[in-house]
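Q: Please read through the structure below; I'll follow up with questions.
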Amino acid sequence: MTHRAVRVLSEVSLILAEDTRTSGVLLKHFSIQNKLAAYHLHNEHKVVETFCARLLSGDSIALISDAGTPAISDPGFLLVREAVAKGIEVICLPGATAFVPALVASGFPSDRFVYEGFLPLKKGRQTRLKELAEETRTIVLYESPHRIEKALLQMMEFFGEDRRVVLVREISKMFEEKRRGSLRELYESVKANAPKGEIVLVIEGK
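If you read the sequence shown in my numbering, its first letter stands for residue 4, the second for the next number, and so on.
Here it is, written out as structure tokens:
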């Protein structure tokens with residue numbers, strides 16, 4: 004964590020976190036004792052107005068994620084949108100985001116790419132894959148370990164077995180790993196040795 008981030012978290016009136024227990028450990032490490040409140044996918048629609056009201060009253064609020072950057076496949080978009088709509092200044096501190104190092108390390112073109120976050124779980128999933136199959140830019144998306152095998156199988160159906168892909172997991176952690184090959188090769192690799200942890204898929208454009 005940067006010195007600026009530590010300073011900001013030490014100075015704000017309130018810190019919003021996905022999981023206050025997880026974030027509490029991090030804050031304790033830096034001796035930050037500011038008040039924590041929960042802000043996650045299950046409550047964000049209910050609490051956005053409350054937190055915006057506090058901002059308008061003069062409070063300062065920091066939003067953090069368990070990992071990565073808020074609003075990038077994590078809660079945060081609704082709060083930022085509402086704050087902007089109310090004329091509240093939003094300042095984003097640069098931080099870790101898994102897809103950027105995965106894209107750079109993939110070896111695929113990074114001057115033009117599309118970030119898709121997580122694919123839809125059910126409704127619209129096949130439609131999205133059909134659209135992405137025609138995408139000429141490098142494609143970056145997230146997938147969970149328990150869905151990765153099925154995801155690669157579905158991609159073979161729409162992208163073809165020979166489309167090149169890089170699977171990167173546990174970026175910046177002790178067990179960081181990269182698997183490279185065609186969709187067929189990655190599917191066989193995952194089937195034989197299921198990956199664990201946070202996964203980023205980087206797929207070559209058409």
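Note that the Cβ used here is the ideal one computed from N, Cα and C, for glycine as well. Note that the coordinates shown come from a computational prediction; the quantities given were computed from them, not determined experimentally.
Would Asp62 be called buried (16 or more neighbouring beta carbons within 10 Å of its own) or exposed?
A: exposed
Q: Is the stretch 133 to 144 touching the stretch 187 to 201 in the sense that three or more CB pairs, one from each, lie closer than 8 Å?
A: no
Q: If you reduce the DSSP assignment to three classes, tell me which class Glu211 lands in.
A: Here the chain covers residues 4 to 209 and nothing more, so residue 211 does not appear.
Q: List, from N- to C-terminal side, the beta strand (DSSP E) runs of 3 residues or more that fit wholly inside the stretch 95 to 169.
A: The qualifying runs are 116 to 121, 141 to 146.
Q: For the 8 Å Cβ check, are there 3 or more pairs between the stretch 125 to 136 and the stretch 101 to 108?
A: Taking 8 Å as the limit for Cβ pairs, the verdict is that the stretch 101 to 108 does not touch the stretch 125 to 136.
Q: Please state whether DSSP places Leu39 in a helix, a strand or coil.
A: strand
Q: Does DSSP classify Leu58 as helix, strand or coil?
A: The DSSP-derived three-state label of Leu58 is helix.
Q: How about the stretch 168 to 185 and the stretch 74 to 89: do they share at least three Cβ pairs that are nearer than 8 Å?
A: no
Q: How far does the alpha helix (DSSP H) with Lys194 in it reach, from first residue to last?
A: 186 to 195 is the span of the alpha helix (DSSP H), which, as asked, contains Lys194.
Q: When the Cα atoms are used, what is the spatial distance from Thr72 to Ala195?
A: Rounded to the nearest angstrom, the two C-alpha atoms are 32 Å apart.
Q: What are the residues that DSSP puts in a beta bridge with Arg183?
A: Val169, per the DSSP bridge assignment.
Q: Closest to Ile202 by C-alpha separation, out of Glu152, Phe161, Gln157, would be which residue?
A: Glu152
Q: Can you tell me whether Asp22 is buried or exposed? The criterion is at least 16 other CB atoms within 10 Å of its CB, across all chains shown.
A: exposed
Q: Determine whether the beta carbon atoms of Ala20 and Leu39 lie at a separation below 8 Å.
A: A contact, by the Cβ cut-off of 8 Å.
Q: Using the Cα positions of Leu58 and Arg183, report the straight-line distance between them to the nearest angstrom.
A: Distance between the alpha carbons of Leu58 and Arg183: 46 Å.
Q: For Ile202, which residues does DSSP report across the bridge?
A: Glu146, Arg172
Q: For Leu44, name the three-state secondary structure that DSSP assigns.
A: coil
Q: From which residue to which residue does the beta strand (DSSP E) around Ala2 run?
A: Here the chain covers residues 4 to 209 and nothing more, so residue 2 does not appear.
Q: Would you report the Cα separation of Leu17 and Gln36, rounded to the nearest angstrom?
A: 10 Å
Q: Rounded to the nearest angstrom, what separates His149 and Ala65 at their Cα positions?
A: Answer to the nearest angstrom: the Cα atoms are 32 Å apart.
Q: My understanding is that Gly120 touches Ser68, with C-beta atoms under 8 Å, so please give their C-beta distance in whole angstroms.
A: So it is not a contact: roughly 14 Å between Cβ atoms.
Q: Mapping the DSSP letters down to three states, classify Ala70 as helix, strand or coil.
A: Of the three classes helix, strand and coil, the one that applies to Ala70 here is coil, per DSSP.
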